[in-house]
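Listed in order, the protein sequences are those of chains G and Z.
When we follow our numbering, the leftmost residue of the first sequence carries the number 78, and every step to the right adds one.
When we follow our numbering, the leftmost residue of the second sequence carries the number 5, and every step to the right adds one.
All residues carry an ideal CB built from backbone N, CA and C; glycine is no exception.
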Amino acid sequence: MRVTLTPKKDFKVPVEAETIKPDNFAGKNKSEIESIALWHGNKEVKLGSLFDVKVEGVNKEETKIVIEGDASRIKRIGEGMTSGEIMINGNVDMHCGAMMSGGKIIVKGDSDAWAGREMIGGELVVEGNAGNYLGAGYWGAEKGMGGGMIRVHGDAGDYVGGHMGDGEIIVKGSAGLLPGLDMSGGKITIEGNTTLPGGEMKNGMMVIKGKVLEMLPSFRFEGEEIVDSLKLKKFTGDLVRRGSGTLYVNLIPGE
Amino acid sequence: MELLIKNGVVYDPINEIRGEKMDICVKEDKIVSKVKNPKVIDANGKLVMPGGVDIHSHIAGGKINAGRLLRPEDGRKGAEPRGKLTRVCTGYSVPNTYATGYRYAKMGYTFVMEPATPPLLARHTHEELIDTPILDNAILALLDNNWMTMEYVKSGETKKLAAYVAWMIKAVKAYGVKIVNPGGDEAWGWGKNVNIDDSVPNFDVTPRDIIDGLAEANEMLNLPHSIHIHCNDLGHPGNYETTLKSFDVVKGRSNANRQVMHATHVQFHSYGGSGWKDFESKVDEIAKYVNAKKHVTIDMGQVMLGDTTTMTADGPLEYGLHMITGRKWTNLDVELETGGGITPFLYSSKVAVNTIQWAIGLELALLIKDPWKIALTTDHPNGAPFITYPIVISLLMNKQKRGEVMANVHKAINKRAILPSIGRELDWNDIAIMTRAAPARILGLDRYGKGHLGVGADADVAIYDVSPEERESKKIQSALLHAKYTIKGGEVVVRDGEIVAVPEGRTYWVNPEFDGESTKDMLGDLTGKFEKYYSVNLANYPVQDAYVPHPVEIKTKV
Chain G
78 MRVTLTPKKD
88 FKVPVEAETI
98 KPDNFAGKNK
108 SEIESIALWH
118 GNKEVKLGSL
128 FDVKVEGVNK
138 EETKIVIEGD
148 ASRIKRIGEG
158 MTSGEIMING
168 NVDMHCGAMM
178 SGGKIIVKGD
188 SDAWAGREMI
198 GGELVVEGNA
208 GNYLGAGYWG
218 AEKGMGGGMI
228 RVHGDAGDYV
238 GGHMGDGEII
248 VKGSAGLLPG
258 LDMSGGKITI
268 EGNTTLPGGE
278 MKNGMMVIKG
288 KVLEMLPSFR
298 FEGEEIVDSL
308 KLKKFTGDLV
318 RRGSGTLYVN
328 LIPGE
Chain Z
5 MELLIKNGVV
15 YDPINEIRGE
25 KMDICVKEDK
35 IVSKVKNPKV
45 IDANGKLVMP
55 GGVDIHSHIA
65 GGKINAGRLL
75 RPEDGRKGAE
85 PRGKLTRVCT
95 GYSVPNTYAT
105 GYRYAKMGYT
115 FVMEPATPPL
125 LARHTHEELI
135 DTPILDNAIL
145 ALLDNNWMTM
155 EYVKSGETKK
165 LAAYVAWMIK
175 AVKAYGVKIV
185 NPGGDEAWGW
195 GKNVNIDDSV
205 PNFDVTPRDI
215 IDGLAEANEM
225 LNLPHSIHIH
235 CNDLGHPGNY
245 ETTLKSFDVV
255 KGRSNANRQV
265 MHATHVQFHS
275 YGGSGWKDFE
285 SKVDEIAKYV
295 NAKKHVTIDM
305 GQVMLGDTTT
315 MTADGPLEYG
325 LHMITGRKWT
335 NLDVELETGG
345 GITPFLYSSK
355 VAVNTIQWAI
365 GLELALLIKD
375 PWKIALTTDH
385 PNGAPFITYP
395 IVISLLMNKQ
405 KRGEVMANVH
415 KAINKRAILP
425 SIGRELDWND
435 IAIMTRAAPA
445 RILGLDRYGK
455 GHLGVGADAD
465 VAIYDVSPEE
475 RESKKIQSAL
485 LHAKYTIKGG
495 EVVVRDGEIV
505 AVPEGRTYWV
515 NPEFDGESTK
525 DMLGDLTGKF
535 EKYYSVNLAN
545 YPVQDAYVPH
555 PVEIKTKV
């Protein structure tokens, strides 16, 4: 089945939409979906009062949710989803795909902060740019992304993959400060530039195919290796944590 | 307002009522012998007990708030939206103040002792207690790593020490004296720790001297509670010997009404072995001592397997834990007075040491024959959050349930703990003693209407929807976690496990009277300390009345 949600207006006050996920929609008819509760600011409202709902097909095994229009004030879409697919034809607010364990989310525009936060499975694709804390842990959390796959076609903000334990993040563009902070496993690939990668990393792998604008001094140079048909410099660290993470870098500052 | 609690099965150990079917009458905020035109609460077939009294639970103050700041991820656990009466709740091991009040009340508790307040930060503690709904409360002031205390102990000026203790307790609106790793925090300022007979750097006193000096001052002042001590060497293999030595320090003292030392979270102090590899339970030795002596009481400090936050004024211990786990950590230093540390900790069923710790707490409760000598605690949140009390109780009451847990934990428990060989099951009378009567008596609060249901007592009553014969752990747990009714000060605050009223709690504090000459001399010394070292003025130090809006002042005479 395919459920299309079209916002009735541009939201100024954010909508908390952790109930918008295929697990919650599967097998429901139009009026059942319209009566799903979500929070708009400090008021609990029915989904039907915020969105026009269109339902096609009945096969609940293949539930796909399509959000047409601007979702840049809709938070937590697909939070904790385990299966199915969500397509957002526009920008999306924070926490999209947080804690998801299966299924797929495609964001055609940009995602705000915390996309794929603490996810443990499934796939998240952001075709525009991603905000800060992509695939990271929320404030205070000791574990970030623990599995699954995140692809960003544009750039990502600061703290990509903070506290990451497993899974993979690929950023086609550049990333901001401190990607892979405190990571203990998994793989982060940044095809563009970034700054201070791998701070306090204990394990896992990072590949920076562009330039590292600023490099932490606590990584040990191990020599050069061919990775993805590129000749890259291999470092081990972060030595301040006695870490054994691997950091591949193309260009270091000064080059 | 009058209430008649009809036909309940009443457990009121202080008045020697042991599961009798009877009525309890309430008028205004007191228990009375009869009522004229009451609202009737049908308690037929239900357990009726005095409101719970927690003798040791870190619920408010600088350390707890630092724990909340350190662990925002813990705030996400147990988050509940506001209700019609209730405010937003957050947290599991470091709940916010509202969650603390509501959750305790739902478990039938009506009094909680915040047991470790640095005097300089007492305003903060009182402010948080104001925001902790329903519960009556009190605080213990940390006075052991204090420079004034150590100097008076060193010089042997016990009268001045007593004058200082009296002044401090009054100044910060505290209830009694707390001792945490005596001398250890001061040593920690120099990167060191001390054991009971080591000399504290720069003060030339030993922890033994500090314990003895404060015990003498405590008895001189005739305070309602004895010294309340977290012994040296907490959490280390082989520390049971230090614990027994600490108990022995005050064995020559006595008090007609109560013990002269309350040793807290003794689970953390009952370890044998020479290292983590041969770490074992020495509860047999501790229980032998406590069973034979009258001068010491203890509380459990039960560990439950799972994630929690450890926080104590024992700074060096917390640093040690952080170095073992590699998890985040923070540290406090409180000028001339004390310090502390905080780090999250996971007690894992796959780790031999943690499993044995879990067994040790239960062993203490089961091997100490007289339940009046041991109060039920988890040293919240150090061993486990307080909301695990119903699980602890169900384990104490059901041997089979303990066996089920033991079958699924590290096998070391069979060799290095005593629990597998213990068949004792506690009954409801034992539980009523350990959770209300004994803590009230140990604190000296039974004389002020807490922990019992006799005529004139405070109308704090818990009613649980469980039959006295029930032994099935799931049923016990759910009944204790969601009381059928909790009555606090004559008002029904919990009905069917939900909060129905949110009165403000009262704060018990002690105003000790002491000889004016010694107080004058002491204030001379204290003024010097403030001028030379403190970041505040002496005149600004005492907590103003406004910070204790519902005080219960207890005056003591020498």
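Would you mind stating whether Z:Ala-109 and Z:Val-498 have Cβ atoms separated by less than 8 angstroms?
Here the question's residue 109 of chain Z lines up with position 105 in the second sequence. Here the question's residue 498 of chain Z lines up with position 494 in the second sequence. The answer is yes: Cβ separation under 8 angstroms.
Name, please, each residue of chain A whose Cβ falls closer than 7 angstroms to the Cβ of G:Ala-218.
Looking at the structure shown, chain A is missing, and the protein chains on hand are G and Z.
What does G:Tyr-236 reach in chain Z if we use C-beta pairs closer than 8 angstroms?
Here the question's residue 236 of chain G lines up with position 159 in the first sequence. What G:Tyr-236 touches in chain Z: nothing, since even the nearest Cβ is about 15 angstroms away.
Can you round the beta-carbon distance between Z:Pro-394 and Z:Ile-290 to whole angstroms, since I take them to be within the 8 angstroms contact cut?
Along the second sequence, one-based indexing puts residue 394 of chain Z at 390. Along the second sequence, one-based indexing puts residue 290 of chain Z at 286. That pair is no contact at about 25 angstroms.
Look up Z:Arg-499 in the DSSP assignment and say whether it is helix, strand or coil.
To locate residue 499 of chain Z, count along the second sequence from 1; it is residue 495. Secondary structure of Z:Arg-499 (DSSP, three-state): strand.
Please state the DSSP three-state secondary structure of G:Pro-84.
The residue labelled residue 84 of chain G in the question sits at position 7 within the first sequence. Here G:Pro-84 sits in strand by DSSP.
Can you tell me which of Z:His-62, Z:Tyr-106, Z:Ser-61 puts its alpha carbon nearest to the alpha carbon of Z:Gly-82?
For the purposes of this step, residue 82 of chain Z is taken as residue 78 along the second sequence, with counting starting at 1. With distances taken between Cα atoms, Z:Gly-82 lies closest to Z:Tyr-106.
Could you give the first and the last residue of the continuous beta strand (DSSP E) run that contains Z:Leu-628?
Outside the shown range of chain Z, which is 5 to 562, sits residue 628 of chain Z, and nothing can be said about it.
Is it buried or exposed, G:Ser-261, if we count other Cβ atoms within 10 angstroms and call 16 or more buried?
Mapped onto the first sequence, residue 261 of chain G falls at position 184. It is buried - the Cβ of G:Ser-261 has at least 16 other Cβ atoms within 10 Å.
What's the C-alpha gap between Z:Lys-419 and Z:Glu-476?
Here residue 419 of chain Z refers to the residue found at position 415 of the second sequence. Here residue 476 of chain Z refers to the residue found at position 472 of the second sequence. The straight-line gap from Cα to Cα measures roughly 28 angstroms.
Quick one: complete beta strand (DSSP E) runs, 3+ long, within the segment 135-162 of chain G?
141-145
Under DSSP, the beta strand (DSSP E) around Z:Trp-171 begins and ends at which residues?
Numbered from its first residue, the second sequence carries residue 171 of chain Z at position 167. For Z:Trp-171, there is no enclosing beta strand (DSSP E); the enclosing alpha helix (DSSP H) has its first and last residue at 162-175.
On the criterion of 16 or more Cβ atoms from any shown chain inside 10 Å, does G:Leu-258 qualify as buried, or is it exposed?
Taking the first residue of the first sequence as 1, we reach residue 258 of chain G at position 181. Answer is buried; the Cβ neighbour count reaches 16.
What does G:Tyr-215 reach in chain Z if we use C-beta pairs closer than 9 angstroms?
Locating residue 215 of chain G in the first sequence gives position 138, where the first residue counts as 1. Those are Pro-76, Glu-77, Arg-80, listed as they occur along chain Z.
Have a look at G:Lys-89 and G:Phe-128 and give me their C-alpha separation to the nearest angstrom.
Residue 89 of chain G sits at position 12 when you count from the first residue of the first sequence. Residue 128 of chain G sits at position 51 when you count from the first residue of the first sequence. Taking the straight line from one Cα to the other gives about 15 angstroms.
Can you list, in chain order, the residues of its chain whose CB lies under 8 angstroms from that of Z:His-554, leaving out five sequence neighbours each side?
One-based indexing of the second sequence puts residue 554 of chain Z at position 550. So the list reads Glu-508, Gly-509, Arg-510, Thr-511, once near-sequence residues are dropped.
Taking the C-alpha atoms as reference points, what is the distance between Z:Asn-206 and Z:Asn-69?
What you label residue 206 of chain Z is simply residue 202 of the second sequence in a count that begins at 1. What you label residue 69 of chain Z is simply residue 65 of the second sequence in a count that begins at 1. The alpha-carbon atoms of Z:Asn-206 and Z:Asn-69 are separated by roughly 31 angstroms.
With a threshold of 16 other CB atoms inside 10 Å of the CB of Z:Asp-549, please say whether the residue is buried or exposed.
As a working mapping, residue 549 of chain Z is identified with position 545 in the second sequence. The residue in question, Z:Asp-549, is exposed, as its Cβ has fewer than 16 Cβ neighbours within 10 Å.
I want to verify the contact list: residues of chain G whose CB lies under 8 angstroms from the CB of Z:Arg-331, in sequence order.
As a position in the second sequence, residue 331 of chain Z is number 327, starting the count at 1. Neighbours of Z:Arg-331 on chain G, chain order: Glu-219.
Nearest-angstrom Cα distance between G:Met-196 and Z:Glu-220?
Taking the first residue of the first sequence as 1, we reach residue 196 of chain G at position 119. Taking the first residue of the second sequence as 1, we reach residue 220 of chain Z at position 216. Each residue's Cα considered, the two are about 58 angstroms apart.
My understanding is that Z:Val-562 touches Z:Asp-529, with C-beta atoms under 8 angstroms, so please give their C-beta distance in whole angstroms.
The count along the second sequence starts at 1 and reaches residue 562 of chain Z at position 558. The count along the second sequence starts at 1 and reaches residue 529 of chain Z at position 525. Incorrect: roughly 20 angstroms between the Cβ atoms, too far for contact.
Measure the beta-carbon distance from Z:Ala-267 to Z:Ile-214 and round it to whole angstroms, keeping in mind my assumption that it falls under 8 angstroms.
Translated into positions along the second sequence, residue 267 of chain Z becomes position 263. Translated into positions along the second sequence, residue 214 of chain Z becomes position 210. Incorrect: roughly 15 angstroms between the Cβ atoms, too far for contact.
Can you tell me whether Z:Tyr-537 is buried or exposed, with buried defined as 16 or more other CB within 10 angstroms of its CB?
Taking the first residue of the second sequence as 1, we reach residue 537 of chain Z at position 533. Its Cβ having fewer than 16 others within 10 Å, Z:Tyr-537 is exposed.
Assuming Z:Ile-491 is part of the beta strand (DSSP E), what are its boundary residues?
Locating residue 491 of chain Z in the second sequence gives position 487, where the first residue counts as 1. 489-492 is the extent of the beta strand (DSSP E) around Z:Ile-491.
By the 10 Å Cβ neighbour count, where 16 or more other Cβ atoms means buried, how is Z:Pro-385 classified, buried or exposed?
Indexing the second sequence from 1 puts residue 385 of chain Z at position 381. Looking at its Cβ environment, which holds 16 or more other Cβ atoms inside 10 Å, Z:Pro-385 is buried.
According to DSSP, is Z:Phe-534 helix, strand or coil?
In the second sequence, the residue the question calls residue 534 of chain Z occupies position 530. Reduced to three states, the DSSP call for Z:Phe-534 is helix.
Within its chain, find whatever has a CB closer than 6 angstroms to the CB of Z:Asp-216; leave out the 5 residues flanking it on each side and keep chain order.
For the purposes of this step, residue 216 of chain Z is identified with residue 212 of the second sequence, where counting begins at 1. Contacts found: Val-253.
Curious, which full-length beta strand (DSSP E) runs of at least 3 residues does the segment 391-432 of chain Z contain?
none
In the DSSP assignment, what are the bridge partners of Z:Phe-349?
In the second sequence, residue 349 of chain Z corresponds to position 345, counting from 1. According to DSSP, Z:Phe-349 bridges with Z:Thr-312.
Return the chain-ordered list of same chain residues with a C-beta closer than 8 angstroms to the C-beta of Z:Asp-525, the five sequence neighbours on each side being excluded.
As a working note, residue 525 of chain Z is residue 521 in the second sequence. Answer for Z:Asp-525: Lys-164, Ala-167, listed in chain order.
Between the Cα of Z:Gly-277 and the Cα atoms of Z:His-269, Z:Lys-286, Z:Gln-271, Z:Val-270, which residue gives the shortest distance?
By one-based count along the second sequence, residue 277 of chain Z stands at place 273. If we check each option's Cα against that of Z:Gly-277, Z:Lys-286 comes out closest.
Write down every uninterrupted run of the beta strand (DSSP E) in the segment 178-244 of chain G whose length is 3 residues or greater and which is fully enclosed by it, in chain order.
181-184, 200-203, 223-229
Can Z:Leu-400 and Z:Val-57 be called in contact, C-beta distance under 8 angstroms?
As a first step, residue 400 of chain Z must be located in the second sequence, where it is residue number 396. As a first step, residue 57 of chain Z must be located in the second sequence, where it is residue number 53. Contact flag unset, no.
Could you tell me how far apart the beta carbons of Z:Gln-263 and Z:Ser-230 are, in whole angstroms, since I believe they sit closer than 8 angstroms?
Here residue 263 of chain Z corresponds to residue number 259 of the second sequence, with the count starting at 1. Here residue 230 of chain Z corresponds to residue number 226 of the second sequence, with the count starting at 1. With 8 angstroms as the limit, Z:Gln-263 and Z:Ser-230 qualify as a contact, their Cβ atoms being about 5 angstroms apart.
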